[in-house]
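Undergrad: Would you mind keeping the following structure in view while I ask a few things?
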Amino acid sequence: MKFTKLNAKFDKLAHKTEKGKSINPEKLAILQQLLVDKKTRYEEKIKSAEDATKKHSLETKLKVVNAQIEKTKQMVGGG
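Quick note on our numbering: the sequence shown kicks off at 26 and runs consecutively.
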């Protein structure tokens, strides 16, 4: 899944929880797995990246994904 589409999916679920609505645990589990998969891919790409600009871009995306993973863990705990 593309980074932007994954972000949109995360934002949708995060917005729901902020509004106090319940979220489907299955959807949250799927999102968590997608985020973990994306994190793994970014870590692998960072190791093999030679271009400094590309590496920096991947590191930034990795930080976002890590923050989203932490937020989904809070959603589980709070939901």
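Glycine included, each C-beta is placed from N, C-alpha and C at the ideal position. Computed from a prediction, not measured in an experiment: that's the story for all the values here.
Less than 6 angstroms between C-beta atoms, sequence neighbours within five positions excluded: which residues of the same chain meet that for L60?
TA: For L60, where only same-chain residues beyond five positions count, the Cβ hits under 6 angstroms are V90, Q93 and I94.
Undergrad: Where do the ends of the alpha helix (DSSP H) carrying A54 lie?
TA: Its alpha helix (DSSP H) spans residues P50 to S73.
Undergrad: May I ask you to report which of helix, strand or coil DSSP gives S82?
TA: Helix.
Undergrad: Specify the secondary structure class of K46 as computed by DSSP and reduced to three states.
TA: K46: coil per DSSP, three-state reduction.
Undergrad: Rounding to the nearest angstrom, what Cα-Cα distance links I71 and L38 in this structure?
TA: If I take the Cα positions, the gap works out to 28 angstroms.
Undergrad: Looking at the structure shown, is D76 part of a helix, part of a strand, or coil, going by DSSP?
TA: Residue state, collapsed to three classes: coil.
Undergrad: What would DSSP say about M26, mapped onto helix, strand or coil?
TA: Note: M26 maps to coil in three-state DSSP.
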